[in-house]
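Enquirer:
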């Protein structure tokens with residue numbers, strides 16, 4: 058078939074949103090996984106981890122597919138490098154969710170009552186930051202429709218700021234949980250403290266990844 | 024049946040075949056963006072394409088037609104008084120016939136190979152090949168040829184620039200506006216007005232001028248402006264009756280532009296018919312002219328009979344009805360990445376360029392001009408992703424088309440000379 062419409066390459070924006078959806082699916086499982094873990098339900102924790110693992114892999118497949126379809130000869134309305142970094146950071150959110158699953162299933166670490174509430178508070182803050190990121194990522198097609206200009210840009214920059222605020226909230230909570238952890242270090246035990254310290258750190262870096270992803274969108278918008 | 028009548032009959036069949044190819048392939052390129060953006064359904068696209076391609080071909084087609092049969096080769100050299108003697112006119116008829124068959128064959132092969140080849144480039148190359156065989160380098164009107172080839176580079180570029188500016192204006196006035204819905208209501212009457220003015224102006228200049236006496240320039244401009252203002256006012260009144268509906272303002276913008284794009288789609292079909300019918304009809308017109316003169320004289324001015332244009336326009340419609348609709352359906356499904364605002368800009372830029380070129384009598388490629396339009400929109404940040412590697416593909420097929428169709432036509436011409444004379 059003789060057609061000039063090979064000129065239209067497959068848009069990476071639709072798959073980017075698909076990728077975001079898959080990543081978000083892992084985010085949604087974080088709270089149930091922590092609920093099970095805190096309650097000492099190892100079987101359910103393991104089950105949640107397995108589900109995250111599958112979703113993370115699906116996200117990886119989409120990620121690789123997007124990369125495969127972004128040759129240098131493509132002309133995009135945004136910087137190609139920015140787009141690829143955006144994808145990488147977005148994927149990191151799911152990676153961190155998986156890391157959490159690994160940490161929670163590698164050792165049956167008990168949750169002392171003294172930190173329980175604060176840990177769940179931190180988990181919720183991380184999930185909130187990630188939810189805000191998801192709102193931003195879902196706007197990519199609308200942004201394209203608006204040709205990266207106008208009121209849509211202002212609205213998205215507003216959302217990006219909300220992600221940053223949510224991330225700051227997780228920083229505060231992270232510091233609080235860590236402090237609590239060392240206050241009760243004798244009672245919790247050195248190995249458990251080490252485990253918890255790591256869990257808290259990964260939670261923090263998950264929120265960071267969400268913020269970085271949103272920030273990259275700001276960068277793409279600022280370049281025009 | 025005399026040899027002369029046979030030549031005429033074969034030329035008519037070959038011309039119809041060329042027109043069929045154009046209908047089968049090129050119309051799909053002209054309509055693809057409209058179907059892809061959802062502005063037109065497949066059925067609507069086919070009906071509008073049929074009507075406007077045919078009217079463009081029949082009403083405006085004559086202008087470019089004479090360039091193809093005369094502007095490339097020194098047809099006067101074929102006169103009985105010329106170097107070829109009494110056989111000259113017959114040779115010219117055979118040449119035109121070979122050109123038609125040669126380019127149709129090359130187009131057929133290219134279609135089979137999936138190359139984005141232009142029917143315009145193909146026929147120009149074929150006529151060139153015939154000229155070279157007849158008189159060597161001296162038989163070709165190099166000045167005209169340079170102009171034609173230059174227009175092949177200028178037209179996609181101009182189409183691109185116009186599309187870039189059009190989308191840039193939409194972006195600035197509507198998409199960047201704090202209230203895109205209100206901005207659409209405010210500015211689209213002007214867009215409608217401008218489109219209608221340009222269409223009216225080209226209509227007056229092309230259609231009326233060909234058929235009747237040309238009206239004075241001031242009057243033409245006045246008529247175009249009046250039509251534009253009237254269309255704008257009507258559009259404004261109709262727009263006030265529309266409702267934004269959904270929460271997403273861009274959906275409203277696209278909905279309105281889908282309506283505007285129907286107008287540009289018709290405009291493209293009209294311009295395409297006007298421009299591309301010549302590829303099939305030009306050589307046929309030359310043969311018909313020779314037949315009428317009894318193969319005794321080569322007229323310096325070939326007039327294109329109305330029925331020949333009807334034949335060409337009819338061939339395009341048949342091509343559209345038999346195969347073209349399938350191609351349009353395929354393309355429409357393939358390119359979902361274009362929306363009406365983008366499609367409008369690309370088509371507006373392309374159609375304006377094509378009408379401009381056909382009023383200058385330049386045979387340009389509608390398809391390639393539309394490629395320019397699409398790239399222009401892409402550079403104005405309107406499209407998700409453009410495959411720029413495709414440009415190399417198109418340029419390669421340009422480079423191949425002229426020599427190959429020239430070669431095939433030259434070969435056929437040499438054979439025909441041996442058989443007939």
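Protein chains in written order, with my numbering: chain R, 58 to 281; chain X, 24 to 444.
We put the CB at the ideal spot given by N, CA and C, even for glycine.
As the structure is a computational prediction, the values presented were derived from the model and not from experiment.
(1) Residue range of the alpha helix (DSSP H) that residue 236 of chain R falls in?
(2) Of all Cβ atoms in chain X, is any one closer than 8 Å to the Cβ of residue 143 of chain R?
(3) Any chance you could list the beta strand (DSSP E) runs of at least 3 consecutive residues sitting entirely within the stretch 259-292 of chain X, in chain order?
(4) Give me the DSSP bridge partner(s) of residue 409 of chain X.
(5) Alpha carbon to alpha carbon, how far is residue 264 of chain R from residue 89 of chain R?
(6) Please classify residue 348 of chain X: is it buried, with 16 or more other beta-carbons within 10 angstroms of its beta-carbon, or exposed?
(7) If the cut-off is 9 Å on Cβ atoms, which residues from the stretch 392-414 of chain X count as contacting chain R, listed in chain order?
(8) Since residue 271 of chain X meets chain C, which of its residues come closer than 9 Å, beta carbon to beta carbon?
(9) Use the C-beta contact count for residue 420 of chain X: other C-beta atoms within 10 angstroms, 16 or more gives buried, fewer gives exposed.
(10) Out of R/279, R/104, R/260, R/274, state which residue places its alpha-carbon closest to the alpha-carbon of residue 192 of chain R.
(11) Is the CB of residue 198 of chain X under 8 Å away from at least one CB in chain R?
(12) What are the complete alpha helix (DSSP H) segments, minimum 4 residues, inside the stretch 119-173 of chain R?
(13) Of the choices X/252, X/255, X/227, whose alpha-carbon is the least far from that of residue 242 of chain X?
(14) Residues of chain X with CB closer than 8 Å to the CB of residue 215 of chain R, please, in chain order.
(15) Under 9 Å, CB to CB, which of the residues in the stretch 352-381 of chain X have a partner in chain R?
(16) By Cβ distance below 8 Å, which residues in the same chain neighbour residue 198 of chain R in space, the five residues on each side in sequence not counted?
(17) Between the stretch 64-92 of chain R and chain X, which residues of the former have CB atoms less than 9 Å from a CB of the latter, in chain order?
(18) Consult DSSP for residue 59 of chain R and reduce its assignment to one of helix, strand or coil.
(19) Please decide whether residue 59 of chain R counts as near chain X, where near means a Cβ-Cβ distance under 8 Å.
(20) Which chain R residues sit within Cβ distance under 7 Å of residue 194 of chain X?
(21) Should residue 273 of chain R be flagged as near chain X, meaning a C-beta pair shorter than 8 Å?
(22) For the ligand NAP, I want to know if residue 247 of chain R counts as a neighbour, meaning its beta carbon is within less than 7 Å of at least one of the ligand's heavy atoms.
(23) Using a beta-carbon distance below 8 Å, is residue 133 of chain R in contact with chain X?
(24) Enumerate in chain order the residues of its own chain whose CB-to-CB distance from residue 320 of chain X is below 8 Å, with the five nearest sequence positions on each side excluded.
(25) Looking at C-beta atoms only, is the number of pairs between the stretch 278-292 of chain X and the stretch 53-69 of chain X that lie closer than 8 Å three or more?
(26) Grab me the residues of residue 59 of chain R's own chain with a C-beta within less than 7 Å of its C-beta, minus the 5 sequence neighbours each way, in chain order.
(27) Could you tell me which of X/203, X/170, X/186, X/207 sits nearest to residue 208 of chain R, measuring between CA atoms?
(28) Given 8 Å as the limit, is there contact between the stretch 124-131 of chain X and the stretch 32-51 of chain X, that is, 3 or more CB pairs closer than that?
(29) Check the Cβ-Cβ distances between residue 212 of chain X and every residue of chain R, and say whether any is below 8 Å.
(30) Compare the C-beta of residue 279 of chain R against all C-beta atoms of chain X and say whether one is closer than 8 Å.
(31) To the nearest angstrom, how far is it from the Cα of residue 193 of chain X to the Cα of residue 409 of chain X?
(32) How would you call residue 418 of chain X, buried or exposed, if buried means at least 16 neighbouring beta carbons within 10 angstroms?
(33) Between which two residues does the alpha helix (DSSP H) carrying residue 212 of chain X extend?
(34) Do you know how far the Cα of residue 81 of chain X is from the Cα of residue 329 of chain X?
(35) Please report how far the alpha carbon of residue 353 of chain X lies from the alpha carbon of residue 229 of chain R, in whole angstroms.
(36) Work out the CA separation of residue 444 of chain X and residue 382 of chain X for me, nearest whole Å.
Expert: Taking the coordinates as given:
(1) Element bounds for residue 236 of chain R: 208-240.
(2) By the rule that beta-carbons nearer than 8 Å mark a contact, residue 143 of chain R does not touch chain X.
(3) Listed in chain order, nothing qualifies, since the stretch 259-292 of chain X has no complete beta strand (DSSP E) run of 3 or more residues.
(4) Residue 409 of chain X is bridged by DSSP to R/65, R/132.
(5) Computed Cα separation, rounded: 17 Å.
(6) Around the beta carbon of residue 348 of chain X, a 10 Å sphere encloses 16 or more other beta carbons of the protein chains shown; the residue is thus reported as buried.
(7) Residues passing the 9 Å Cβ filter: 393, 394, 397, 398, 401, 402, 403, 404, 405, 406, 407, 408, 409, 410, 411, 412, 413, 414.
(8) Absent from the structure: chain C. Protein chains present are R and X.
(9) Around the CB of residue 420 of chain X, 16 or more other CB atoms lie within 10 Å, so the residue is classed as buried.
(10) Put simply, of R/279, R/104, R/260, R/274 the residue whose alpha carbon is nearest the alpha carbon of residue 192 of chain R is R/274.
(11) Interface flag for residue 198 of chain X against chain R is set, since a Cβ pair is found closer than 8 Å.
(12) Runs of the alpha helix (DSSP H) lying entirely within the stretch 119-173 of chain R and spanning at least 4 residues, in chain order: 137-163.
(13) Of the candidates X/252, X/255, X/227, X/227 places its Cα closest to the Cα of residue 242 of chain X.
(14) Going along chain X, no residue has its Cβ under 8 Å from residue 215 of chain R, so there is no contact; the nearest lies around 14 Å.
(15) When CB distances to chain R are screened at a threshold of 9 Å, the residues of the stretch 352-381 of chain X falling below it are 353, 354, 357, 358, 359, 360, 361, 362, 364, 365, in chain order.
(16) Around residue 198 of chain R: 70, 71, 74.
(17) Identification of residues in the stretch 64-92 of chain R having a C-beta nearer than 9 Å to some C-beta of chain X yields 64, 65, 66, 67, 68, 69, 70, 71, given in sequence order.
(18) Legend: pLDDT at residue 59 of chain R = 47, less than 50; position of this residue unreliable, no value from coordinates given.
(19) Note that residue 59 of chain R scores a pLDDT of 47, beneath 50, so its modelled location is shaky; the value from the coordinates is reported in the next line. Nearest CB-CB separation between residue 59 of chain R and chain X: below the 8 Å threshold.
(20) Near residue 194 of chain X (Cβ distances below 7 Å), the residues of chain R are 204, 206.
(21) For residue 273 of chain R, no CB of chain X lies under 8 Å from its own CB, so it is not counted at the interface with that chain.
(22) The ligand NAP is not part of this structure, which contains no ligands at all.
(23) At least one chain X Cβ lies under 8 Å of residue 133 of chain R.
(24) Only 102, 103, 112 meet the Cβ criterion.
(25) In short, these stretches touch, since the Cβ pair count reaches three.
(26) At residue 59 of chain R, the pLDDT of 47 sits below 50, so the modelled position is not reliable; the number obtained from the coordinates is stated separately. Short of 7 Å from the beta carbon of residue 59 of chain R, and not among the five residues preceding or following it, lies no beta carbon of its own chain.
(27) Nearest of X/203, X/170, X/186, X/207 to residue 208 of chain R, Cα basis: X/203.
(28) Flag = yes, the stretch 124-131 of chain X and the stretch 32-51 of chain X touch.
(29) With 8 Å as the cut-off, residue 212 of chain X does not count as an interface residue toward chain R.
(30) Among the residues facing chain X, residue 279 of chain R is not included, as its CB has no counterpart in that chain under 8 Å away.
(31) Going from the Cα of residue 193 of chain X to the Cα of residue 409 of chain X covers about 20 Å.
(32) Exposed: under 16 other Cβ atoms inside 10 Å.
(33) Per DSSP, residue 212 of chain X belongs to the alpha helix (DSSP H) from 203-226.
(34) The straight-line gap from Cα to Cα measures roughly 7 Å.
(35) Counting only the Cα atoms, residue 229 of chain R lies some 56 Å from residue 353 of chain X.
(36) The alpha-carbon of residue 382 of chain X is positioned some 39 Å away from that of residue 444 of chain X.
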